[in-house]
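Protein chains in written order, with the UniProt record's numbering: chain F, 1 to 289; chain R, 1 to 289; chain D, 1 to 289. Glycine residues also receive a C-beta, built at the ideal position from the N, C-alpha and C atoms. All values reported here derive from a predicted model rather than from experimental measurement. A quick write-up on the structure given underneath.
Quick look at the structure:
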């Protein structure tokens, strides 16, 4: 598995990242998924405080607590900033965002404790908060970096303007913007989302890199060259993302160990440029101008 | 009333600004509105050459002419650049913009004379002129600043690209972009309009901060928490804007003295973050993602 | 004919540029078009590798080959990066883009040979390639500049974000973005396309400056002031573009020598600002706000 920096001053991650979004499963099953990932060289795990209604960090952390040596073999990403009504968070009565200094600190302490770790490799602001106070966020990030509790910082689902605004307040680089990109959601290739990251020499992380079920359902033809590459549909979809010069890190969301191995092998596929454009043509319903 | 700088090098304004857009009234009535504003600590008055078909500056200036000491108690904003067919401007036969050096100079001299003042605290280009020549505008602004006739400069209704383009030609900061923002016009929170200003450390001014009548007509539920804050609908709508970290200066447009006092008290309301998001949810018709 | 730099460090071009897009004609006819252009002081010729299914550079080059002294009287622009299925390019089976270092080098060598010249005055990336690797492009541009084979570099049809991204990788300025602008395609005046170029002090080139047939068909009224200026419809449409402060260089696409002379005279028309806005009002179907 290729390992690569998200930014010159950023962390080294496995090019394919295991997403814990749907890992709301018995510990034994999550343990299997962790082992299957590490076996493939997928060492980076993507969390958020809210995944599994605030449970997935807990389950993952219980495994690390029982097997502390695992922590040295992996990098941990988590997110903060979204609050919604939940039995686990009784003070929220409407879905909202909270990127106050106080909540960032609280959320980091909570994730450290829950994940049974002394450091988060990468912390992301989960969603662009219209009430985000960039001076507060900058101060919180600076103190967390200084304390060693969080090593690197980034954002998720930010527009180019939001990314550049927040970056302008922070004295070290944001190292990623985790956004939705896939053959089914290809707008970021054209609307400036990837351009702004390339301008800042920042690699994107891609959530939902397979585009959910709709890609296969709506555009089966996109995979017509799979046999040429002896590849599965999943591998074709990931190889399409990996070909982009922005250096996308796909976050795979599977809950099946065998799909982790399958996804990992996408890294070895180098799509021909014309095949890449043909796949784009199929999902766009027209050729490039 | 809170007083605050629009930009580190900008003027100090009252956080709530009195807009003279609809002050096309008998002098006695305007005098009452001025007194009611000053009484509330609202010391900043927002004009444009064209308001009231070029009459509102005249009415306001007549009051200052009779009572010159008033000028020291207030800051004056005015705008230039729009021309339209009018008995007062017989040379215009189609609505158009004019941001030529010559017209900016003419318009400033005219506003100084009309407003009976020796200085304009803040001059805004009223609309983004597709024929705006940034070198001409930069030269005009520079000479007007040097002469002391205009102390600060900004724009109105500019897109982020237009703002950054013009700023790149001017050696001192533009100190505001006056745009339409309200619960009824909340796109600027998401489309980069506020982000670009925060990036430049520039505070926005908000015109039509109550969203006209349509807000109350279409979204009465947005004010359901008014009683919790012992607030009126107007105060809730202003408090919602004042909460935004961009540091918005609402320009209120009322023609009723009692509404000025009502609006001024919005400054004391600190909306709970969840209430703020609930109000946004109601006007958007959906919760945040 | 006015001559002007595209950028302080860019080439000096004739303000009106002759486009070879449709010059897929017998050599004698192209020779006539070249002579008619030079006679009007139109010394800049706009090519692309693909025009006339890869034939127009060949025809033009044959003329230069027979009359080498012509080359000193003109500036040559060409483009690269688009590939499509064609008998002349049998290796392409789907329309796609190729901005690899290897293809840029190959395409420049091919254009030099085909155009019978030792230098290209300006090379453009024809379309924003989603697979464009900015480091590769920067390296290719740098080496081509050093070798003297290409004197200046730019892009075509790039969005503002794409332009700034690529520029951030190149140590010398991109000197233009050739985009579609006309009375029929006036979005670039408002969507940031021209603003970003003005911010970078880069002049746009305009393709299809007359808007094809649709402008005259849909909006005949736009030319109602032609008689006031003793101008033709073509001249009015070009004068409208030439008035814009971005300093647009229209690329005219005619195949008739007499239309070249007609177009050249547009340079002498200085539209009144109100006439300019009236023309805009007619194509927009509404006056400015």
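Separation of residue j from residue i, as counted between CA atoms
i, j, result
"residue 269 of chain R", "residue 257 of chain R", "20 angstroms"
"residue 68 of chain F", "residue 207 of chain F", "28 angstroms"
"residue 197 of chain F", "residue 7 of chain F", "10 angstroms"
"residue 82 of chain F", "residue 210 of chain D", "51 angstroms"
"residue 96 of chain R", "residue 244 of chain F", "45 angstroms"
"residue 26 of chain F", "residue 38 of chain F", "19 angstroms"
"residue 61 of chain F", "residue 123 of chain F", "16 angstroms"
"residue 281 of chain F", "residue 11 of chain F", "35 angstroms"
"residue 277 of chain R", "residue 190 of chain R", "14 angstroms"
"residue 301 of chain F", "residue 176 of chain R", "Within the shown structure, residues of chain F are numbered from 1 to 289, placing residue 301 of chain F beyond reach of any answer."
"residue 157 of chain F", "residue 19 of chain F", "16 angstroms"
"residue 110 of chain R", "residue 29 of chain R", "24 angstroms"
"residue 59 of chain R", "residue 4 of chain R", "28 angstroms"
"residue 15 of chain F", "residue 44 of chain F", "8 angstroms"
"residue 167 of chain R", "residue 182 of chain D", "26 angstroms"
"residue 193 of chain D", "residue 199 of chain D", "10 angstroms"
"residue 216 of chain D", "residue 31 of chain D", "29 angstroms"
"residue 275 of chain R", "residue 286 of chain R", "14 angstroms"
"residue 94 of chain D", "residue 140 of chain F", "50 angstroms"
"residue 201 of chain F", "residue 160 of chain F", "13 angstroms"
"residue 212 of chain R", "residue 132 of chain R", "30 angstroms"
"residue 238 of chain R", "residue 72 of chain R", "27 angstroms"
"residue 42 of chain D", "residue 178 of chain D", "17 angstroms"
"residue 24 of chain F", "residue 184 of chain D", "55 angstroms"
"residue 227 of chain D", "residue 263 of chain D", "16 angstroms"
"residue 66 of chain F", "residue 116 of chain F", "10 angstroms"
"residue 1 of chain F", "residue 21 of chain F", "22 angstroms"
"residue 240 of chain D", "residue 114 of chain D", "35 angstroms"
"residue 214 of chain R", "residue 17 of chain R", "22 angstroms"
"residue 34 of chain F", "residue 46 of chain D", "58 angstroms"
Proximity of residue i and residue j at Cβ, strictly below 9 angstroms
i, j, result
"residue 155 of chain D", "residue 128 of chain D", "yes"
"residue 142 of chain R", "residue 119 of chain R", "no"
"residue 75 of chain R", "residue 101 of chain R", "no"
"residue 266 of chain F", "residue 220 of chain F", "no"
"residue 273 of chain F", "residue 98 of chain D", "yes"
"residue 204 of chain R", "residue 253 of chain R", "no"
"residue 233 of chain R", "residue 223 of chain R", "yes"
"residue 170 of chain F", "residue 134 of chain F", "yes"
"residue 260 of chain R", "residue 48 of chain R", "no"
"residue 144 of chain F", "residue 108 of chain F", "yes"
"residue 186 of chain R", "residue 283 of chain R", "yes"
"residue 9 of chain D", "residue 172 of chain D", "yes"
"residue 225 of chain F", "residue 288 of chain F", "no"
"residue 103 of chain R", "residue 50 of chain R", "no"
"residue 218 of chain D", "residue 165 of chain R", "no"
"residue 271 of chain R", "residue 229 of chain R", "yes"
Residues sharing a beta bridge with residue i, DSSP
i, result
"residue 78 of chain F", "F/123"
"residue 180 of chain F", "F/207"
"residue 255 of chain D", "Residue 255 of chain D is not bridged to any residue."
"residue 44 of chain F", "F/75"
"residue 83 of chain R", "R/96"
"residue 14 of chain F", "F/3"
"residue 249 of chain F", "F/205"
"residue 155 of chain R", "R/125 and R/177"
Item checked: chain R contacts from the stretch 93 to 123 of chain F (Cβ-Cβ distance under 7 angstroms) -> Taking 7 angstroms as the Cβ-Cβ cut-off against chain R, the residues of the stretch 93 to 123 of chain F that qualify are 93, 94, 95, 96, 97 and 98.
Note to self: Give me the subset of the stretch 168 to 191 of chain R whose CB atoms are less than 9 angstroms from a CB atom of chain F, sorted by chain position.
What the structure shows: 186, 189, 190 and 191
Notebook entry, point to check: Taking a cut of 7 angstroms between CB atoms, which residues from the stretch 135 to 167 of chain D lie near chain F?
Noted result: 159, 161, 162, 164 and 165
Checklist line | Cβ contact check for the stretch 86 to 93 of chain R and the stretch 36 to 56 of chain R: 3 or more pairs under 8 angstroms | finding: yes
Next item on the list: Anything in the stretch 204 to 229 of chain F with a Cβ closer than 8 angstroms to a Cβ of chain D? List those residues in chain order, please.
Entry: none
Note to self: Please identify, using Cβ separations under 7 angstroms, the residues of the stretch 6 to 26 of chain D that lie next to chain F, in order along the chain.
What the structure shows: none
Notebook entry, point to check: Given a limit of 8 angstroms on CB to CB distance, which residues of the stretch 274 to 288 of chain R reach chain A?
Noted result: Note that chain A does not occur in the displayed structure, where the protein chains are F, R and D.
Note to self: Which residues of the stretch 246 to 257 of chain R have a Cβ closer than 9 angstroms to any Cβ of chain F? Give them in chain order.
What the structure shows: none
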